[in-house]
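Have a look at the structure below before the remarks.
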């Protein structure tokens, strides 16, 4: 009897615990209504940094899915079929060209719109070695620059980013915590992506990573194609940038070559042999010009010279007489 009562008490406790936990889960977890799923994959030919960036985005977005790399020869419309097979209604597709340039597509599958960006200044989570950290699968806060509300194409991108990067509420793989912020800032006509941790003590922000810059190229009405809604007039392709850099380098080289040729021509010129030294007449001062007068009579002898001559002759006579002893 005692054993039976103990068993009944244990069963009732288990029933109460199960009921209480189920009630708590039902109240706090709610129902998963927003069935947003994002497919994150790329084309063949990407480098290691892009691969790590994709992995960081997947770990940061618990509602994301992965797929194998797509062949370069396939057209971009095939991505819509891949998303339909994977049951995804959003897509982030990385496209690599020339093993140097990286393009990112953010699309609303299958009806659009879609945006194409040039990805620059990529820094992955492992590369940055930031001090911040956040819980895996936690829901983020999305922070947008006030400029997103001023222009229509930025408002469209804001809605597209909100639906793509925000973790749906009550998602099975997500955690019921908000401990990091995803910021989208517009500066230098580009969109700067940053990820920060919220510190509970003083509500300050510490960067986690990854970080990258998006340079908008075009916004299309459809998914991966269709009529162009907006084209960035300030965008300059990487090929054009590299071409301008090569032209600038070639212009500097031509200038150096011209200076070198001018120096050689100056050295080859015949130097004039100077017979007279120019420095000889440096200290020569020109004499004053005197009026030219013709003298018809000889000049008269001066008296002073005659007296001097007489004195000299007398001294000579005296000295001779002294020598002879006559005086």
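In the UniProt record's numbering, the protein residues as written are 1 to 327. Heads up, the beta-carbon is just placed ideally off N, CA and C, and yes, glycines get one too. The structure displayed is predicted, hence computed values, not measured ones.
#1: I'd like the list of long-range same chain contacts for residue 145, defined as Cβ closer than 6 Å, with 5 residues on each side in sequence excluded.
#2: Taking residue 131 as the reference, which of 149, 112, 204 has the closest Cα?
#3: For residue 96, count the other beta carbons within 10 Å of its own beta carbon; 16 or more makes it buried, fewer makes it exposed. Which is it?
#4: Would residue 90 and residue 38 qualify as a contact pair, given that the criterion is a beta-carbon distance under 8 Å?
#5: On a Cα-Cα basis, can you pick out the residue from 49, 135, 78 that is closest to residue 99?
#6: Distance, Cα to Cα, residue 117 vs residue 176?
#7: How big is the Cα-Cα spacing for residue 43 and residue 33?
#8: So, are the CB atoms of residue 134 and residue 180 less than 8 Å apart?
#9: Tell me which same chain residues have a C-beta within less than 6 Å of the C-beta of residue 125, skipping the five on either side of it?
#10: Can you name the start and end residues of the beta strand (DSSP E) that residue 144 belongs to?
#11: Hey, how far is the Cα of residue 151 from the Cα of residue 76?
#12: Among residues of its own chain, excluding the 5 on either side of residue 27, which ones have a beta-carbon nearer than 6 Å to its beta-carbon?
#13: Which of the three DSSP states is assigned to residue 134 in this structure?
#14: With distances taken Cα to Cα, identify the nearest neighbour of residue 105 among 285, 218, 167, 277.
#15: Less than 8 Å separating the beta-carbons of residue 215 and residue 207?
#16: Mapping DSSP to helix, strand and coil, what is residue 236?
#17: Comparing alpha-carbon positions, which option in 74, 101, 111 lies nearest residue 84?
#18: Which parts of the stretch 18-88 are runs of the alpha helix (DSSP H), unbroken and 4 residues or longer, counting only runs that do not cross its ends?
#19: If you compare alpha carbons, which of 318, 183, 30, 115 is closest to residue 168?
#20: Taking just the CA atoms, how far does residue 255 sit from residue 109?
#21: Please state whether DSSP places residue 298 in a helix, a strand or coil.
#22: Where does the unbroken alpha helix (DSSP H) through residue 224 begin, and where does it stop?
#23: Taking only the alpha-carbon atoms, compute the straight-line gap between residue 137 and residue 178 and give it to the nearest angstrom.
#24: Going straight from the alpha carbon of residue 315 to that of residue 322, what length do you get?
#25: With DSSP as the reference, label residue 283 as helix, strand or coil.
#26: What first and last residue would you give for the alpha helix (DSSP H) that runs through residue 291?
#27: Grouping DSSP H, G and I as helix and E and B as strand, with all else coil, what is residue 101?
#28: Below 8 Å CB to CB, which residues in the same chain sit around residue 234 once its five sequence neighbours on both sides are set aside?
#29: Tell me the start and end of each unbroken alpha helix (DSSP H) in the stretch 146-234 that is at least 4 residues and wholly inside, in chain order.
#30: Taking residue 82 as the reference, give the member of 174, 275, 40, 312 with the closest Cα.
#31: Apart from the five residues just before and just after residue 153, which ones in its own chain have a Cβ nearer than 7 Å to its Cβ?
#32: List the whole-angstrom C-beta distance separating residue 142 from residue 166, where the pair is believed to meet the contact cut-off of C-beta under 8 Å.
#33: Indicate whether residue 80 and residue 224 have their beta-carbon atoms separated by less than 8 Å.
#34: Return yes when the Cβ of residue 102 is within less than 8 Å of the Cβ of residue 140, no when it is not.
Considering the structure as presented:
#1: As a working note, residue 145 is residue 145 in the chain shown. Excluding sequence neighbours, residue 145 sits near 185, 186.
#2: Numbered from 1 along the chain shown, position 131 holds the residue referred to as residue 131. Closest by alpha carbon: 204.
#3: Locating residue 96 in the chain shown gives position 96, counting from the first residue. Answer is buried; the Cβ neighbour count reaches 16.
#4: On the chain shown, position 90 is the one that residue 90 refers to. On the chain shown, position 38 is the one that residue 38 refers to. In contact: residue 90 and residue 38 (Cβ atoms closer than 8 Å).
#5: For the purposes of this step, residue 99 is taken as residue 99 along the chain shown, with counting starting at 1. It is 49 whose Cα lies nearest to the Cα of residue 99.
#6: The residue you call residue 117 lines up with position 117 of the chain shown. The residue you call residue 176 lines up with position 176 of the chain shown. Straight-line spacing of the CA atoms in residue 117 and residue 176 works out to 32 Å.
#7: For the purposes of this step, residue 43 is taken as the residue at position 43 of the chain shown. For the purposes of this step, residue 33 is taken as the residue at position 33 of the chain shown. For residue 43 and residue 33, the distance between alpha carbons rounds to 32 Å.
#8: For the purposes of this step, residue 134 is taken as the residue at position 134 of the chain shown. For the purposes of this step, residue 180 is taken as the residue at position 180 of the chain shown. Less than 8 Å separates the beta-carbon of residue 134 from that of residue 180.
#9: Translated into the one-based positions of the chain shown, residue 125 becomes position 125. The residues are 56, 209, 210.
#10: Along the chain shown, read from residue 1 onward, the residue named residue 144 stands at position 144. Where residue 144 is concerned, the enclosing beta strand (DSSP E) stretches over 138-144.
#11: The residue given as residue 151 occupies position 151 in the chain shown. The residue given as residue 76 occupies position 76 in the chain shown. Roughly 28 Å between the two C-alpha positions.
#12: What you label residue 27 is simply residue 27 of the chain shown in a count that begins at 1. With a pLDDT of only 38 at residue 27, under the threshold of 50, the placement of this residue in the model should not be trusted; the figure read from the coordinates follows. Same-chain partners within the cutoff: there are none.
#13: The count along the chain shown starts at 1 and reaches residue 134 at position 134. Of the three classes helix, strand and coil, the one that applies to residue 134 here is coil, per DSSP.
#14: Position 105 of the chain shown, counted from the start, is the residue given in the question as residue 105. Nearest option by C-alpha distance: 218.
#15: One-based indexing of the chain shown puts residue 215 at position 215. One-based indexing of the chain shown puts residue 207 at position 207. Cβ atoms of residue 215 and residue 207: not closer than 8 Å.
#16: As a working mapping, residue 236 is identified with position 236 in the chain shown. In this structure, residue 236 counts as coil in the three-state DSSP scheme.
#17: What you label residue 84 is simply residue 84 of the chain shown in a count that begins at 1. Ranking 74, 101, 111 by Cα distance to residue 84 puts 111 first.
#18: Counting whole runs of 4 or more residues, the stretch 18-88 contains the alpha helix (DSSP H) stretches 48-60, 78-85.
#19: Numbered from 1 along the chain shown, position 168 holds the residue referred to as residue 168. The shortest C-alpha separation from residue 168 is found at 30.
#20: On the chain shown, residue 109 is found 109 positions in, with the first residue counted as 1. On the chain shown, residue 255 is found 255 positions in, with the first residue counted as 1. Roughly 54 Å separates the two Cα atoms.
#21: Numbered from its first residue, the chain shown carries residue 298 at position 298. Reduced to three states, the DSSP call for residue 298 is coil.
#22: Position 224 of the chain shown, counted from the first residue, corresponds to residue 224. Premise fails: residue 224 is in no alpha helix (DSSP H) and is neither H nor E.
#23: Counting from one through the chain shown, the residue named residue 137 turns up at place 137. Counting from one through the chain shown, the residue named residue 178 turns up at place 178. One C-alpha to the other measures close to 10 Å.
#24: Translated into the one-based positions of the chain shown, residue 315 becomes position 315. Translated into the one-based positions of the chain shown, residue 322 becomes position 322. About 11 Å.
#25: Within the chain shown, residue 283 is the residue found at index 283, counting from 1. Coil at residue 283, not helix or strand.
#26: Residue numbering aside, residue 291 sits at position 291 when the chain shown is read from its first letter. Counting along the chain, residue 291 falls outside any alpha helix (DSSP H), and DSSP gives it neither H nor E.
#27: Taking the chain shown and counting its residues from 1, the one referred to as residue 101 is at position 101. In this structure, residue 101 counts as strand in the three-state DSSP scheme.
#28: Counted from its first residue, the chain shown places residue 234 at position 234. Answer for residue 234: 189, listed in chain order.
#29: 152-165, all fully within the stretch 146-234.
#30: The residue given as residue 82 occupies position 82 in the chain shown. Considering only alpha carbons, the answer is 40.
#31: For the purposes of this step, residue 153 is taken as residue 153 along the chain shown, with counting starting at 1. Cβ neighbours of residue 153 beyond the five flanking positions: 219, 230.
#32: As a first step, residue 142 must be located in the chain shown, where it is residue number 142. As a first step, residue 166 must be located in the chain shown, where it is residue number 166. Contact flag correct, Cβ pair sits at about 6 Å.
#33: Your numbering for residue 80 matches position 80 in the chain shown. Your numbering for residue 224 matches position 224 in the chain shown. Contact: yes.
#34: For this step, residue 140 is matched to residue 140 along the chain shown. For this step, residue 102 is matched to residue 102 along the chain shown. No, they are not a contact pair.
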